[in-house]
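Numbering-wise (the numbering used here), the sequence shown opens with residue 13 and increments by one. Yeah, the Cβ is synthetic: ideal placement off N, Cα and C, and Gly gets one too.
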Amino acid sequence: MQKVAIVTGASRGIGREIAKTLARKGIKVVANYCKSEESAKSLKDELQKENISIDIKKADVSKREEIKKLVEHTLEKYKKVDILINNAGISEYKLFTDETDEDWEKIINTNLYSAFAMSQEVIPNMIHNKNGCIINISSAWGVVGGSLEVIYSVSKAGMDGLTKALAKELGPSNIRVNSIAPGMIRTEMNAKWTEEELNELKEETPLGRIGLPLDIAKCVDWLVEDNFTTGQVISVNGGWIIT
Ligand code: NAP
């Protein structure tokens, strides 16, 4: 039976590549977007040219009522959710002392609350089916901390905590929960980095290059197929950070 996946933040970058990879495997994908409607439509068109049909669905995943509608849509149409990829995220580059309560709320709600609430909404169906795979796209900064990205680092460390605790609680229901912690990946999120800075980073990276969204999508592909890995934070960073 065809599997069903929801990928949050699939209009661009890493989420878009994950959505394509899963759809090309024959998985029914509900690709969520928030602001980038044109980009989401272009994803649907791109796959349509390969005779692959996906759903694109607008929802701000920092808001419970919009999450509920996204999950309801999926369950009404496909009757189940096998795979949840909590990928939607934002980052900010700011001195800690300049951060405001509004910054905290926005980043924590978009990156961490979204993973909490999305998981809560899909888990009853997964428990009912005794089957599920949840993947949280966290970050190397959640593992080692990033200067000038303190709230972001907190949000990603929180995701990894969610992964570990949920994996224990849901293992008996055959639901696996893992994090993928990417290092630097070439997407719009990193548009602020100059080529010079990226070259320096390459030199610090044992595998000698900056990551691509496909590097993360390949790890998702593997985790989706696997059935004995849970509660893990898998670093995909070319060896840039080795803990
Ligand atoms: P990106 O290119 O900026 O894309 C971010 C995606 O998140 C977009 O599709 C965006 O959708 C979506 N999004 C943002 N806020 C949302 C909301 N409230 N509701 C729904 N969707 C929302 O970023 P990326 O580099 O692909 O990052 C994807 C994930 O990987 C993030 O969680 C990020 O923290 C993590 N990560 C990235 C890197 C990296 O180096 N790139 C490293 C470590 C971790 P719209 O445009 O439609 O609003």
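Within the chosen limit of 7 Å, the ligand NAP reaches the beta carbon of G27 through at least one heavy atom. In this structure, the straight-line span from the alpha carbon of D233 to that of N143 is close to 17 Å.
For N141, the three-state secondary structure derived from DSSP is helix.
Cβ-Cβ separation between I149 and N98: approximately 7 Å, consistent with a contact (criterion under 8 Å). Taking the Cβ atoms as the reference, Y45 lies roughly 6 Å from K70, within the contact range of under 8 Å.
Counted as a single uninterrupted DSSP element, the alpha helix (DSSP H) harbouring L210 occupies residues E207 to E216.
Only exposed fits K53, as fewer than 16 other CB atoms lie within 10 angstroms of its CB. Leaving aside the five residues that flank S23 on each side, the residues in its chain whose CB is nearer than 6 Å to its CB run, in chain order, Y45, S48, S51 and A52.
With a threshold of 7 Å, the Cβ atom of R24 counts as near the ligand NAP, since some heavy atom of the ligand is closer than that. Relative to the ligand NAP, the beta carbon of C46 is positioned inside 7 Å of a heavy atom.
The closest heavy atom of the ligand NAP lies less than 7 Å from the beta carbon of S151.
Fully enclosed beta strand (DSSP E) runs of no fewer than 3 residues occupy 95-98 of the stretch 70-105, in order along the chain. In the three-state reduction of the DSSP assignment, D238 falls in the coil class, being assigned neither a helical nor a strand state.
Secondary structure at I222: coil, using DSSP grouped into helix, strand and coil. Pairwise C-beta distances place the stretch 203-219 out of contact with the stretch 163-181, as fewer than three of them are shorter than 8 Å. For the ligand NAP, a non-hydrogen atom lies closer than 7 Å to the CB of D72. The Cβ atoms of G183 and T242 sit closer than 8 Å to each other.
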